[in-house]
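A short worksheet on the structure shown next.
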DNA sequence: CAATCATGTAATATCGTTAGTTACATGAGA
DNA sequence: TCTCATGTAACTAACGATATTACATGATTG
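Chains as they are written, first to last, in the working numbering: chain Z, 2 to 155; chain L, 2 to 155.
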């Protein structure tokens, strides 16, 4: 099944914005993400409504982060996107009359509810600041690898 | 996103089959599930290949359960269906060059992997026998409700 | 104030996946 | 041999995420 990549996409955008002091245009973000500017605006509208980012029109306009990265969790972002459904698997009928199907739904619902609770809790424990730190670490690692390659080549 | 309802559907079918001693035709199952016989056969083919059910052609043919209900977990069924993807949310790129996206993917993967592990473990702890028992209990409850209604009406 | 830049948003197209249908082949049993 | 039932391929329909186009709105600059 085709997956919803908005959460992944929005996080990518936000971290790129965090690297920039100036507002970033939808056009620039779209280029970095290899997509269309309208897609960016659509993804960001929820975040704006929830006060995570601000958008400015006209010259020098674009998108800015408003809150501290350490104060934004992945779960916050997920909710700002409108809590898209997490699972690709579901029940055939919502409130079936068939008692067999009721028993099936009850069992599946319990398992999926547990998994959803765990997932949301995990997302709640990761902040954008942590992601940014991880990115910085990867950047350092890459630099070190390059340095090694240079040494070995000489 | 549209959800994959095959797991729910197969479980429904299997429990209905458990109530019947004779083989059940795809046509009969399709009627109970309000769908098409071909859809049933398609869903069941994986289960047959994994030895959970048997299919017989010709007069008196149809589908039979092979194993004990207590020996089949919901996870077994899930795997027999070919482990369809569980989540409706995913990463934009599989192995991105962008370090920002790598950091995002790593964080999301960890959360989703944990949730998947929990979900599969939960599914592994529920057997078809348990579902069948739950169904029988619901049946008893319904009978009791009806009996009460009759008493109150008299 | 006019030109330009950027967002806001509706309408539409595209693409992939699941579900449903039709058609026909195969095999078992009466 | 006729009928019943599965096995399977091919096609259609429906749905949702993503992409694109078009145009309106508002801010900045000269």
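We put the CB at the ideal spot given by N, CA and C, even for glycine. Computed from a predicted model, the values in this text were never measured in an experiment.
Nearest-angstrom Cα separation, counted from residue j out to residue i
i, j, result
"residue 59/L", "residue 25/L", "12 Å"
"residue 115/L", "residue 86/L", "15 Å"
"residue 125/L", "residue 110/Z", "14 Å"
"residue 49/Z", "residue 102/L", "22 Å"
"residue 14/Z", "residue 95/L", "17 Å"
"residue 47/Z", "residue 74/L", "40 Å"
"residue 128/L", "residue 88/Z", "22 Å"
"residue 80/Z", "residue 130/Z", "18 Å"
"residue 145/L", "residue 152/L", "10 Å"
"residue 90/L", "residue 150/L", "47 Å"
"residue 141/Z", "residue 12/L", "51 Å"
"residue 8/Z", "residue 21/Z", "20 Å"
"residue 98/L", "residue 62/Z", "28 Å"
"residue 1/Z", "residue 148/Z", "For residue 1/Z there is no data in the structure shown, the boundaries of chain Z being 2 and 155."
"residue 139/L", "residue 137/Z", "56 Å"
"residue 51/L", "residue 36/L", "24 Å"
"residue 122/L", "residue 64/L", "28 Å"
"residue 23/L", "residue 70/L", "16 Å"
"residue 16/L", "residue 2/L", "28 Å"
"residue 72/L", "residue 143/L", "28 Å"
Short Cβ contact (8 Å threshold) for residue i with residue j
i, j, result
"residue 44/Z", "residue 10/Z", "yes"
"residue 132/Z", "residue 108/L", "yes"
"residue 66/Z", "residue 34/Z", "no"
"residue 40/Z", "residue 29/Z", "no"
"residue 53/L", "residue 68/L", "yes"
"residue 104/Z", "residue 135/L", "yes"
"residue 118/Z", "residue 120/L", "no"
"residue 6/L", "residue 93/Z", "yes"
"residue 38/Z", "residue 27/Z", "yes"
Beta-bridge pairing of residue i - partner residues as DSSP gives them
i, result
"residue 73/L", "BP columns for residue 73/L are empty, so no partner."
"residue 57/Z", "63/Z"
"residue 90/Z", "5/L"
"residue 25/L", "64/L"
"residue 128/L", "74/L"
Heavy atom of the ligand NAP within 7 Å of residue i beta-carbon
i, result
"residue 142/Z", "What this structure holds is no ligand at all, so the ligand NAP is not there to describe."
Requested in this report: Report the residues of the region 6-40 of chain Z with a CB closer than 7 Å to any CB of chain L, ordered along the chain.
Outcome: 6, 8, 9, 10, 12, 13, 16 and 17
Requested in this report: Report the residues of the region 100-112 of chain L with a CB closer than 8 Å to any CB of chain Z, ordered along the chain.
Outcome: 100, 101, 102, 103, 104, 105, 106, 107, 108, 109, 111 and 112
Query raised in the report: What residues from the region 76-92 of chain Z come within 9 Å of chain L, judged by C-beta to C-beta, listed N to C?
Result: 79, 85, 86, 87, 88, 89, 90, 91 and 92
**Report entry** Residues of the region 129-140 of chain Z with Cβ closer than 7 Å to any Cβ of chain L, in chain order
**Finding:** 132, 135, 136, 139 and 140
Query raised in the report: Can you list, in chain order, the residues of the region 114-126 of chain Z whose Cβ is nearer than 7 Å to any Cβ on chain L?
Result: 115, 116, 119, 120, 123 and 124
Query raised in the report: the region 44-77 of chain L: which residues have C-beta closer than 8 Å to a C-beta of chain Z, in chain order?
Result: 75
Requested in this report: With 8 Å as the C-beta to C-beta threshold (strictly closer), list the residues of the region 140-151 of chain Z near chain L in chain order.
Outcome: 140 and 143
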